[in-house]
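Chemist:
Protein chains in written order, with the working numbering: chain P, 1 to 252; chain Y, 1 to 252.
1) Under 6 angstroms Cβ to Cβ from residue 193 of chain Y, same chain only, skipping five residues before and after it: list those, please.
2) So which residues of chain Y does residue 105 of chain P contact, with C-beta pairs closer than 9 angstroms?
3) Would you say residue 241 of chain Y lies against chain P (beta-carbon separation less than 8 angstroms)?
4) With distances taken between CB atoms, is the gap from residue 2 of chain Y to residue 67 of chain Y smaller than 8 angstroms?
5) Mind checking the region 125 to 137 of chain Y against chain P and listing, in chain order, the residues whose C-beta falls within less than 7 angstroms of any C-beta there?
6) Using a Cβ cut-off of 9 angstroms, pull out every chain Y residue sitting near residue 119 of chain P, in sequence order please.
7) Can you tell me which of Y/89, Y/185, Y/84 puts its alpha carbon nearest to the alpha carbon of residue 177 of chain Y?
8) Say whether the region 50 to 64 of chain P touches the region 159 to 173 of chain P, bearing in mind that this needs 3 or more beta-carbon pairs closer than 8 angstroms, one atom from each stretch.
9) Once you ignore the five residues that flank residue 206 of chain P on each side, which residues in its own chain have a CB closer than 6 angstroms to its CB?
10) Is any beta-carbon of chain P found at less than 8 angstroms from that of residue 189 of chain Y?
11) Smallest Cα separation from residue 225 of chain Y: which of P/79, P/121, P/243?
12) Verify the CB distance criterion: does residue 1 of chain P have a CB-CB separation below 8 angstroms to chain Y?
13) Across the region 7 to 20 of chain Y and the region 219 to 233 of chain P, are there enough close Cβ pairs to call them in contact, namely three or more that are closer than 8 angstroms?
14) Rounded to whole angstroms, what is the Cα-Cα separation between residue 114 of chain P and residue 229 of chain P?
15) Could you tell me the alpha carbon to alpha carbon distance between residue 138 of chain P and residue 126 of chain P, rounded to whole angstroms?
16) Would residue 118 of chain Y pass as a contact of residue 141 of chain Y if the rule is Cβ separation under 8 angstroms?
17) Along the region 137 to 168 of chain P, what residues have a CB closer than 9 angstroms to any CB found in chain Y?
18) Using 8 angstroms as the cut-off, can you tell me whether the region 85 to 93 of chain P makes contact with the region 46 to 61 of chain P, which would need three or more C-beta pairs spanning the two stretches below that distance?
19) Output the distance between the C-alpha atoms of residue 163 of chain Y and residue 211 of chain Y, rounded to the nearest integer angstrom.
20) Which runs of the alpha helix (DSSP H) spanning at least 4 residues fall entirely within the region 172 to 225 of chain P, listed in chain order?
21) If we ignore side chains and look at the alpha-carbon of each, how far apart do residue 238 of chain P and residue 227 of chain Y end up?
22) Which whole-angstrom value describes the C-beta separation of residue 190 of chain P and residue 161 of chain P, a residue pair presumed to lie in contact below a C-beta threshold of 8 angstroms?
23) Write down the C-beta distance between residue 43 of chain P and residue 152 of chain P rounded to the nearest angstrom, noting that I regard them as a contact closer than 8 angstroms.
24) Skipping 5 residues on each side, what residues in its chain have a beta carbon closer than 8 angstroms to that of residue 235 of chain P?
25) Per DSSP, residue 31 of chain Y is paired with what?
26) Compile a chain-ordered list of the residues in the region 172 to 187 of chain Y whose CB is closer than 9 angstroms to at least one CB of chain P.
27) Are there 16 or more other CB atoms within 10 angstroms of the CB of residue 71 of chain P, so buried, or fewer, so exposed?
28) Could you tell me the distance, in whole angstroms, from the CA atom of residue 243 of chain Y to the CA atom of residue 195 of chain Y?
29) Please check the pair residue 110 of chain Y and residue 136 of chain Y, which I expect to be a contact at CB under 8 angstroms, by giving their CB distance rounded to whole angstroms.
30) Buried or exposed, going by whether 16 or more other CB atoms sit within 10 Å of the CB of residue 204 of chain Y?
31) Determine, using beta carbons only, whether residue 237 of chain Y comes closer than 8 angstroms to chain P.
Structural data, given as structure tokens:
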């Protein structure tokens, strides 16, 4: 079936999923590009497949699909360099079983930085991501794109971060916050830990004071005094890389 | 003097500097926000100051200034979250004297990633950046913004990268390329080097084969096999951080 009208009801609905409120209401979100849509299909969260002309053979067996015009593709995709395949996906509940290492984002606003961090988390053996309620929306297309597929490989949970950290601490997790203050230790000094959460904050404000207050370790990254801070994606990745290389993660 | 018309010739000229061709022709570029404009003023490259209402006292003594409306500010700034101060700056020639450590970008397209890398370069003691002719434009506002001020602290030179590396090699520099192939060594194995250039490539293509061919060291970053590559800003920053922490840089 081919849809050609920009005012078609389905087109309107798909495009509405660019709004966070509509994603929450419908429990659906959009991913674009062959790679992400095929991943969604494999994980059984693909609801609708929208394509322009070419359909990769991995997706041929998927039945709920619609062919649309270039113009419609551009509208739904919402970016200038839009891809030729879009998937409408169902929300899935991330699982927290057997996770020993989390990266947590405390009020990080930029979905691109968030995506970079999830991509690094998968690269460096971390098992899940927590994001505070005031951080970006984890079903934002820009976030999913920036994860380069990691989105479908690691659970991402939006939580009241302070409350969740208190619970994890009671379960034996150590809380490691990245911050620059007098109590900071260098990342080289971090010991092997059984279960832990690494928390990074926004570039402007850092990690919230109440989370600093319950942290077991406050980490700093040595740098030139001319620079006030690093990009948050860089800071989180340097810490995760150090933990990975230092063999501070449990083997699976 | 206050300008209120969007069709004023000065406004048209300032706005034209959002185009790379106009920047090259006029040898001028735009920076926005208090922090960057004040830096430009201190370094004597500020040509014109454009502001909306408030003027920081550091800039009061600057004479070539224009007050404009909100609407004009938004037009010149070219982003939705525009700042209240814009500076038109003159191109300056970067100096290559006494530089022992460069970060070099081989065909990196995204100015945001480029800015993140320059910011990390300043944080981790690198002395300059080379970018290949096919990389982003170093006077792109998005790049300058992402450097968070590092733009005014480190020289950034757009060059024929292969030719420049050949010259530097003849001058005793070692070429270190980040890439994943059989000749790769882990960053832990990198020795102390007197003068060197670290080269990173685009995420899709990596470092060009002709540059790989003249490299003294090919570096890899260990990671989980599920991930094909890291964000280029992250990869470059991890390598520079390692060199900084490993005291592989000469003291100034």
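For each residue, glycine too, the CB sits at the ideal point set by N, CA and C.
Modeler: Taking the coordinates as given:
1) Here the question's residue 193 of chain Y lines up with position 193 in the second chain. Excluding residues within five positions, the ones whose Cβ falls inside 6 angstroms are 174.
2) Here the question's residue 105 of chain P lines up with position 105 in the first chain. Within 9 angstroms Cβ-Cβ: nothing; residue 105 of chain P doesn't reach chain Y, min ~15 angstroms.
3) Counted from its first residue, the second chain places residue 241 of chain Y at position 241. Yes, its Cβ sits closer than 8 angstroms to a Cβ of chain P.
4) Counted from its first residue, the second chain places residue 2 of chain Y at position 2. Counted from its first residue, the second chain places residue 67 of chain Y at position 67. Yes; because the gap between Cβ atoms is below 8 angstroms, this pair is in contact.
5) 125
6) Stepping through the first chain from its first residue, residue 119 of chain P is reached at position 119. Neighbours of residue 119 of chain P on chain Y, chain order: 227, 229, 230, 231, 234.
7) Here residue 177 of chain Y is taken as the residue at index 177 of the second chain, counted from 1. Considering only alpha carbons, the answer is Y/185.
8) no
9) As a position in the first chain, residue 206 of chain P is number 206, starting the count at 1. Closer than 6 angstroms at Cβ, skipping near neighbours: 179.
10) As a working note, residue 189 of chain Y is residue 189 in the second chain. Taking Cβ atoms only, chain P never reaches closer than 8 angstroms to residue 189 of chain Y, which makes this a no.
11) Numbered from 1 along the second chain, position 225 holds the residue referred to as residue 225 of chain Y. Cα-wise, what sits closest to residue 225 of chain Y is P/121.
12) Reading the first chain from its first residue, position 1 is the one you call residue 1 of chain P. Not closer than 8 angstroms to any Cβ of chain Y, the Cβ of residue 1 of chain P fails to qualify, so no.
13) no
14) Locating residue 114 of chain P in the first chain gives position 114, where the first residue counts as 1. Locating residue 229 of chain P in the first chain gives position 229, where the first residue counts as 1. Spanning the two alpha carbons is a distance of roughly 17 angstroms.
15) By 1-based counting over the first chain, the position of residue 138 of chain P is 138. By 1-based counting over the first chain, the position of residue 126 of chain P is 126. Cα to Cα, the separation comes out at about 17 angstroms.
16) Taking the second chain and counting its residues from 1, the one referred to as residue 118 of chain Y is at position 118. Taking the second chain and counting its residues from 1, the one referred to as residue 141 of chain Y is at position 141. Contact flag unset, no.
17) 146, 148, 149, 150, 153
18) yes
19) Here residue 163 of chain Y corresponds to residue number 163 of the second chain, with the count starting at 1. Here residue 211 of chain Y corresponds to residue number 211 of the second chain, with the count starting at 1. Looking at the two C-alpha atoms, the distance is approximately 10 angstroms.
20) 209 to 213
21) Start at 1 with the first residue of the first chain, and residue 238 of chain P comes out as number 238. Start at 1 with the first residue of the second chain, and residue 227 of chain Y comes out as number 227. Answer to the nearest angstrom: the Cα atoms are 16 angstroms apart.
22) Working through the first chain from its first residue, we reach residue 190 of chain P at position 190. Working through the first chain from its first residue, we reach residue 161 of chain P at position 161. Actually they are not in contact, since the Cβ atoms of residue 190 of chain P and residue 161 of chain P sit about 21 angstroms apart, beyond 8 angstroms.
23) Start at 1 with the first residue of the first chain, and residue 43 of chain P comes out as number 43. Start at 1 with the first residue of the first chain, and residue 152 of chain P comes out as number 152. Confirmed, about 6 angstroms.
24) Residue numbering aside, residue 235 of chain P sits at position 235 when the first chain is read from its first letter. Around residue 235 of chain P: 178, 200, 221, 229.
25) The sequence position of residue 31 of chain Y within the second chain is 31, counting from 1. In the DSSP output, where bridge partners are listed per residue, residue 31 of chain Y has Y/87.
26) 186, 187
27) By 1-based counting over the first chain, the position of residue 71 of chain P is 71. By the 10 Å Cβ count, residue 71 of chain P comes out exposed.
28) Taking the first residue of the second chain as 1, we reach residue 243 of chain Y at position 243. Taking the first residue of the second chain as 1, we reach residue 195 of chain Y at position 195. Straight-line Cα distance between these residues: approximately 12 angstroms.
29) Stepping through the second chain from its first residue, residue 110 of chain Y is reached at position 110. Stepping through the second chain from its first residue, residue 136 of chain Y is reached at position 136. Correct: roughly 7 angstroms between the Cβ atoms.
30) As a first step, residue 204 of chain Y is located in the second chain; it is residue number 204 there, counting from the start. Result: exposed.
31) In the second chain, counting from the first residue as 1, residue 237 of chain Y sits at position 237. Yes, residue 237 of chain Y lies at the interface with chain P (some Cβ there is under 8 angstroms from its Cβ).
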